[in-house]
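So the structure is just underneath, and the comments pick up after that.
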Amino acid sequence: VRAAHTDLERRCILAIRTANFTELCKNPLDALNYLQTKLSSCVDHQDKDEEKFFQKLASKVFSKVDDGDTRKVRQDLFNILVEIFPEHMVQPSGSLLDIVPLESNSTKKDAKMLFNFMF
85 VRAAHTDLER RCILAIRTAN FTELCKNPLD ALNYLQTKLS SCVDHQDKDE
135 EKFFQKLASK VFSKVDDGDT RKVRQDLFNI LVEIFPEHMV QPSGSLLDIV
185 PLESNSTKKD AKMLFNFMF
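Written as structure tokens, this is what we have:
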């Protein structure tokens, strides 16, 4: 079952605003204001799961766990957005090292080590 265009747009906005909220949690007042004004407007409050998710977000503001690492938050956001779009509209999954034939297993291991080191 394919979601309606407006629902896909709303889910994308919700993911983006949730990531932004997570980054704002370093400043509790700004985060709560954002939660009430920006994030609340894109949540489907009739959907029990989405409403529960929204309610749990408020507790993030006061938690001592720092999950606001900008790089990780944005990487997670990218992964969420990639799952929303059809497969033909996103980058290929997997590693380029699995596609390109290498000369030997040791060369492949060296290439993977170099690739992991670089990224």
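Quick note on the working numbering: the sequence shown kicks off at 85 and runs consecutively.
Backbone N, C-alpha and C fix where the C-beta goes; we use that ideal spot for every residue, glycine too.
Asked                                                                                                                                                                               : Found
Might you give, ordered along the chain, the residues of its own chain that have their beta carbon closer than 8 Å to the beta carbon of CYS96, omitting 5 neighbours on each side? : LEU165 and ILE168
Any idea if PHE137 is buried or exposed, counting beta-carbon neighbours within 10 angstroms, 16 or more meaning buried?                                                            : exposed
How would you call THR121, buried or exposed, if buried means at least 16 neighbouring beta carbons within 10 angstroms?                                                            : exposed
Any chance you could list the alpha helix (DSSP H) runs of at least 4 consecutive residues sitting entirely within the region 88 to 121, in chain order?                            : 89 to 108 and 112 to 118
Quick one: what's got a C-beta closer than 6 Å to PRO112's C-beta in the same chain, skipping five residues either side?                                                            : VAL145
For the region 146 to 174, list the beta strand (DSSP E) runs that are entirely contained and at least 3 residues long, ordered along the chain.                                    : none
Nearest by alpha-carbon distance to THR102: which of GLN175, HIS172 and CYS126 is it?                                                                                               : CYS126
Quick check: the Cα distance between GLN175 and ASP133, rounded to an integer number of angstroms?                                                                                  : 29 Å
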